[in-house]
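Protein chains in written order, with my numbering: chain F, 1 to 546; chain U, 547 to 893; chain S, 894 to 1422; chain R, 1423 to 1750. From the three backbone atoms N, C-alpha and C, an ideal C-beta is built for every residue, glycine too. Bear in mind the structure is a predicted one, so any value in this text is a computation, not a measurement.
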Amino acid sequence: AGSSSSASSSDAFSAANCQGGTLRVLDSAKNTKGFDPAVLYTSGGGAIPRLLFRTLTTRQSVAGTNGTKVVPDLATDTGTPSQNATVWTYHLKSGLKYADGTPITAADIKYGVERSFSPQLAGGPPYLRDWLVGGADYQGPYGGGTTDLASIATPDPSTIVFHLRKSEGDFPYLAAETQFAPVPKAKDTGKEYNADPVSSGPYSIAGFTKGKELDLVRNSYWSRSTDQQRLACPDRIDISLGLSSAVINQRLSASVGQDANAITTDTSLDAPTLARVSADPALKKRVVTGKFPQIFYLAFDLKKAPFDNQLVREALSYAVDRTALVNAEGGTQLAVPSTTFTPESLTAAHQDYDYFPAGATGNPTKAKQLLAQAGHPNGITVPLAYDTDDVNTGAPAATALQQAFAKAGITLQLQPLSDADFNSTVNTPATQPALTLTSWGADWPSGGPFLTPIFDGRQIVTGGGNFNLAQYNDPAVNAQIDKINQITDYTAAQQQWAALDAQLGKLALTVPLYEEATSVLYGSHVKNAYLDQWRGWYDIASVSVK
Amino acid sequence: MSGHVTLTSTEPGAAVESAAALPTGAQRPAGGAAGVWARRGGRAAAVTVGLLVLVALTAPWLAALEGQDPNSFHDTLLNSATGGSPNGTFGGISAQHWLGVEPTTGRDLFARLVYGARVSLGVALGATLGQLLLGLLVGLAAGLADGRRGGRWVDALLSRVTDLALALPTFFFSIALLAVVPQSFPRPLLLGLILTGLGWAPIARIVRAETRVLREREYVAAAVLTGAGSWRIARREILPGLVAPVATYTAIVIPQNMVAEAGLSFLGLGVRPPTSSWGQMLSTSTTWFQVDPTYVLVPALTLLVCVLAFAGLGEALRVAFDPKSPVPAHTRRGRRKQAAGKKGEAR
Amino acid sequence: MTDPVLQVETVLQVQDLRVIHPGPVTALDGLSFELAPGQVLGLVGESGSGKSAAALALLGLHRGTPTRVEGAVLLHRPDRPALDLNRASDTELRTVRGPELAMVFQEPLTSLDPYRRVGTQIATAYRLHTGASRADARQRTVEVLERVGIDPKRARDYPHQFSGGMRQRVLIAMALALRPRVLVADEPTTALDVTVQAQILRLLDELRAETGMALVLVSHDVGVVGGLAAEVVVLRQGRAVERGATGALLGRPEHPYTRALLEAVPRLDAPLPERDAPAADDVLVEVEGLRVDFGSVRALRGVDLTVRRGETLGIVGESGSGKSTLGRTLVRLQDPSSGVVRFEGADLASWRGGELRRRRRELQMVFQDPTSSLNPRRLIGDSVAEPLRVRGERDEAKLRAEVVGLLERVGLTSDHADRHPHQLSGGQRQRAAIARALILRPKLIVCDEPVSALDVTTQAQVVGLLRELREEFDLTLVFIAHDLAVVRSVSDRVAVMRQGEIVETLAAAKLTEPQHAYTRALLDAVPRL
Amino acid sequence: MIRFLLRRLLGAVAVLLALAALSYLLFYAMPGDPAQLACGKGCTAPQLAQVRHALGTDQPVLRQFWTFLTTLALGHGFSTGPSTVWCSAPCLGYSYQSNESVTQMLLDRLPVDVSLALGAAAIWLLLGIGTGLYAALRPGRLRDRVVNAVILTLGSTPVFVMALLLLMGACVWLQLLPFPNYVPLTEDPAQWAQNLLLPWLAIALVSAAGYTRLTRAGVLETLNQDHIRTLRAYGYPERRIVLRHAVRGALPTVVTVAAMDIGMVLAGAVFTETMFGLPGLGKLAVESASTVDLPVVCGITLLAGALIVVANTVADLLHAALDPRVRI
Ligand SMILES: Nc1ncnc2c1ncn2[C@@H]1O[C@H](COP(=O)(O)OP(=O)(O)OP(=O)(O)O)[C@@H](O)[C@H]1O
Ligand SMILES: Nc1ncnc2c1ncn2[C@@H]1O[C@H](COP(=O)(O)OP(=O)(O)OP(=O)(O)O)[C@@H](O)[C@H]1O
Ligand SMILES: [Mg+2]
Ligand SMILES: [Mg+2]
């Protein structure tokens, strides 16, 4: 896992002398929603947003396992917890400025967090509402009722204090999200802020056509002296949005003209390109791989027959053919089979187990036997919902499953759903199908955000946006989660999460299938291109073209 | 002038006919289906289309002949380390897999191709037929409605409905419709209906425009005087004149419908996996063209043959319905000889 | 061959010309003649005798069609070897078509490009061969249009805005513009009323004299040919049965066929058959204050007319005077702009739906242009049987018998039933159209120039047929024609039209003693043998 | 003419109203809740209600449609949070998802599709009519067959395949052109054309087939008519007869079809836009459909509908101009 083959490109790279040139980014995402720090939902500040927004903390910009560490950004440290990690205090570094030269204050950060509560700016991660005192009822600063969230205090311009409803040892990780970026109240244009936010990062927006391109230029008020995490090598970054992924891969492999300076921040190699790359040593040199801790799995609705019966769930676990699934994803370079819910790439919180050994290609005999035991000697017919917009996990994986399950007497009726449809159908308990092919990734590299939404019974939301698809609610497990959340020591906490995962695995609440690997090409002039372990993607702030 | 000319006295009309010796109907160019068949190109096209339909009908037997089925995965035939591409040359062509296997799944391409014929031909032909029927009906009705007796309103209404159907952004509406209609509705039928609903308008417009030209001909006036209803006039007098433009347009539309199905299948909106269709095969295979050309060529060539066959059929139909068109193939050889003879003379 | 001039100089020499349509139908079987500058050759014969086939072959126009041409058509040009049109290259052919050889076609309605203004069509043909400037071409267009009697202002109109006769004159003008050395005119005056016909014939004669243009005049009208041609060839079944100097040949015809042709020519001074005049008070159709406007063109300007039951009403008038429009209005193919048409006392406009469909079978029309009045994609037999089928007849054998019977009565054979319209001659098509109108035994038939495309013998037959049917079925006829003699011979009364108005209505017997000056002029223009 | 246009205008308004209602209802019925999507992960019922209220989707559908119509006719104010922006008529509303006025979004993208449609149409008409005429000059001969086979092959290629092949050919193998990156005409006309060349070709090569067939068939049909014989009798060169006269018989159908096709491309060419990264209406349409962004969806449908109606009206006028016998 982690960065593997970046050595060749970093040969001549020197952080001290990397500045200059124009980096091109070829992305398939359209980013038509723009860049409002309140609305963005990123992991560790995302790829492009991290160039525009500095947050209280951020991810450490290094290759390897250390890349999963959280480090101070605007703040002087990753936060001082008190009272069982329910109060977190941060002090700002001095000399911080926006791209327009005005100083960044603690009040701006408070305002940034507050505005993310406005219904108009919905879309960000849900943790703040849940964690902050009074968060559940707060409506943001725009008119109506209280306009100020009392649980965030700014005793002086460089100090900010957060009061949480419960213990959250992971708060420093959350503080890396863009909601913790400063927003000057005077410049806030509400919904329209997304097109031209005030930058606090090393670059600011020179031109932005939604859905098409974003041009970034240096922010002259930013300096490496207050920012140890961003190298900001290129003078300009030109980002093309909304390209077809096939075209991106063709351009990167051709690497002609300007494309020699190009990378992509969201398009992994597809199977055919990978097949081509494997046969071409010159191309192979320009490939980096990484993994975002994310598990693809089958989710059962325990409230629906026949999955209320653990034997049936075990039968499915045995019947799975992970080789076919991996091939459907594009082979071993793009996917790795996983028998655990917490994937191997979430190293700190991972513990190996395989309670229902299906072998490489499934064990239909055992599955049949279990089904018979469960009272289904003639097999079962169940629907399988999947997301059609997800090109990889959609149809190919679903058909692979269908084939493998057929051998065990399990007939899958495929139920393809478009993205929007999938999200509202699957994540609303009332409409949720009995069996769903889905995936789950951590918002930060910790077992907490990985396991809590899936297995914490108090996270079952009926209105929609529910991720506890099993609708599993065990008070003992809930209590255990609360206990781990109080631990502020990262390593200690992760060990506990891993143990919890291993314990839950026995219940066959899900069938873990595989984790995806990211394999990307970069242009021939690009240097210091590696995929970090937090997100499994580039940190653009450290890529250079010189 | 004599007061009374008996009709049989001079009888020049009958006398004219040295032609009376010729067999009846010999100079009558075969129209309609027979006319298509009578021409070499038409026959080739008809045979090809017939074969394609036969392939669709006998898909299970053909696959059984090969010993494969369209849905089974064959992991052992793939190289997992190189993106799941097939082992062996030419996309894994072997005695077991006549056209090789699909990358990343190892499904048999021949079986998928013959089964795919069912969906592709079914949807494309069904949709085209629907478009034709609806387009002809509306186009004729609008084209024949005249200024009298509120006819202008009929025309205006139908034309606006046609405009509306044209104005529906096709692709966009397909997406919505496919999402809105319940999952239980058979997909190929739904695809056919959607393509029909969104594709009849161009035909209606062409038909209306042509009809307005044709209805000014005096033979239409003559038919009006026989007391024929509009429907009969449309069928007997106008329709034959529409064959040329409509057949030509239809020949274009059939492949378009096939490709439209491909586009929708590509977005996961067409037929549901694991069902195969040619369009879906082509769209998933294109990115493989540098690595596994066989995979691309199989559906591409099939589609091409299909398109050429339908175009040939359309052309043959157009020619067959043109009374002044050259004589069918079986007499052609004779004519060529004559031409050669003429040349000789000229020298 | 009797004219000494022929030996001196020859412009066109035809040797053993044969035209074989696929089938094979030998339309022309060994025609030979020579033509000197300024000479006029008449080609007469019954309908379907191969006149058009010959005319087209003279310009090599069968090339590119399935029709085969044998024999030679030699065009002699000064200082150059003779050109055999049958073997010439496409390019050679192109350069002589127009300036050397020009043609006026039999079907005036379809022979002009519907997409171009008539003036442009004339000017372009002119410029193509002379390389003249636009202005010169326009000038020439104005000249020739004036010569054929069309207001040059109408040069900006499109063909469909012209009446049949006007279109024919445009075609003639187009030929004249180029001053060709040989003009082949296939029935150049069929669609024209007598005054214009006389004008055109005079014009052709003048040109011949002025420019030395040779003329091949194809016509079934012996009168037309007789007035102009020095030599006449009589065609029958594609063969020349008789030929000779016009005077001699028409004066003392040797071949019985020629004699029959001549005898059939209707004459203004021929005695009219005895007939009971229909009762004046038994009115079948009554027209009051009828006006029809096409945009700014006022085709009918207040026509009052009555048609009595059982009578034949002739309508004559100059080209473009509104005869066809009146005819179409009588059978309710054209709605009046104002005024009423009553049929058996009922306003035609009041018929609706099923009643309209049933009743309009009582009103039939034979259209002026036989080419466009038959569906080109249907067999003749089908077109003729269609009215019966519409009425609900399903018995195919009976239909066939009825159709064949009627075709035979109009002088066609059962074989013609199985052909497409383009495989018939112009006259044959017209007869098929007449058969179609008759098959329903209607009460009223409007015949729009039904015999103008027919040779005199066929004309006589058709006229006779109409007359017989009239008696047999109590048929009422409105007979539109420009040939006064024909009109007189079939009609009880004659209405004379001019510029959308009826100038006078006379009893047929009184036609030779008109009141109105215009009628007088019409009479004077009739060509005499 | 004036009366025709007036009648057409009224008709167009009716068509657009029907279109608006149809698309509103259809996309409203589409699964997926915009509020849900906007609200995101872990959204609780009360928050969802708040978001719904902010989006206005808590109103009954007819009420919402009415608001849509009144907004269109009269304009509307939209709260951005700290302030309110006024969107003046004709206002297509405000996008829930991208926080932008829909009118502005469409205006931003329209030039792309206009550029795409006009350029592509010029090429496909030239190519289609050209090859059609070329084939019609010698029907049934080798040249006719080769042209037919080639053009049909191109025509049966899905656009996205064609696009990929063009990109590979021109940008990777031959390296004739850089990968396209749309530049507005107003910025740099040369760059504009250069960058649109491949997208134009992709659409044109695929579309030309239809025009080839229509032109060829129409010309052959006209060549059989009597008036062509007149031209031959006056020594018009065959080439000129086909190119200037017979082609007129094919044009009315070609114009009708071209107007429809141009209308379609104007309304958004999803695949071409995706493959070439053009920020056009097609991509926006698909994206807003998948995010159930109703105002954008309806805005695009209306704009597209209006464009298509205009294109067809122009086609009718052209039809009348091309064929003097047709009266409007
Ligand atoms: N569809 C039309 N549009 C415009 N003008 C027309 C139309 N039909 C006829 N006209 C005009 O109406 C007038 C009368 O035409 P009509 O065809 O009735 O003449 P006609 O007497 O039958 O002539 P002919 O003997 O030459 O056939 C002419 O000036 C003609 O140009
Ligand atoms: N395309 C064709 N195929 C077969 N037979 C044809 C074709 N065209 C004409 N004919 C036949 O050839 C014969 C001569 O026709 P042509 O047109 O030369 O007659 P015509 O003398 O001009 O008669 P009309 O005076 O009626 O115009 C007719 O019997 C006709 O039926
Ligand atoms: Mg003739
Ligand atoms: Mg007339």
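Per DSSP, what are the beta-bridge partners of residue i in this structure?
i        : result
L624(U)  : P632(U)
Y386(F)  : P416(F)
C1509(R) : H1498(R)
E764(U)  : E764(U) pairs with nothing; no bridge assigned.
M1258(S) : V1339(S)
E515(F)  : V336(F)
Between which two residues does the beta strand (DSSP E) containing residue i stretch?
i        : result
C1340(S) : L1337 to D1341
A965(S)  : R961 to R970
T163(F)  : In the sequence as displayed, the identity of residue 163(F) is His instead of Thr. Per DSSP, H163(F) belongs to the beta strand (DSSP E) from T159 to H163.
By Cβ distance below 6 Å, which residues in the same chain neighbour residue i in space, the five residues on each side in sequence not counted?
i       : result
G394(F) : Y386, D387 and T388
M996(S) : L952 and V1077
A567(U) : Unreliable placement is indicated for A567(U), whose pLDDT of 31 sits below 50; no coordinate value is reported for it.
Look at the alpha carbon of residue i and the alpha carbon of residue j, and state the distance between them as a whole number of angstroms.
i        : j        : result
I540(F)  : D170(F)  : 25 Å
Q573(U)  : G943(S)  : Only weak support is given to the placement of Q573(U): the predicted model assigns it a pLDDT of 40, under 50, and the question is left unresolved by the model.
V918(S)  : S940(S)  : 15 Å
A592(U)  : I1573(R) : 20 Å
E1204(S) : Y765(U)  : 27 Å
I784(U)  : T757(U)  : 7 Å
G773(U)  : S811(U)  : 50 Å
T340(F)  : Q503(F)  : 11 Å
L437(F)  : S418(F)  : 13 Å
S1026(S) : P1659(R) : 19 Å
Could you pull the start and end residues of the alpha helix (DSSP H) that residue i belongs to?
i        : result
E1709(R) : L1703 to S1712
A825(U)  : For the record, residue 825(U) in the displayed sequence is Gly; it is not Ala. Where G825(U) is concerned, the enclosing alpha helix (DSSP H) stretches over W824 to S831.
F1372(R) : Past the boundaries of the shown model lies residue 1372(R); chain R is included only from 1423 to 1750, so the question cannot be answered.
Would you mind stating whether residue i and residue j have Cβ atoms separated by less than 8 Å?
i        : j        : result
V1437(R) : L1559(R) : no
M1067(S) : G1210(S) : no
R911(S)  : V962(S)  : yes
V545(F)  : G21(F)   : yes
L1094(S) : V1117(S) : yes
P1701(R) : K212(F)  : yes
A499(F)  : Q351(F)  : yes
Could you pull out every residue in the same chain whose Cβ sits closer than 8 Å to the Cβ of residue i, ignoring the five residues on either side in sequence?
i       : result
L149(F) : K110, V113, E114, F117, L132, G134, G135 and Y138
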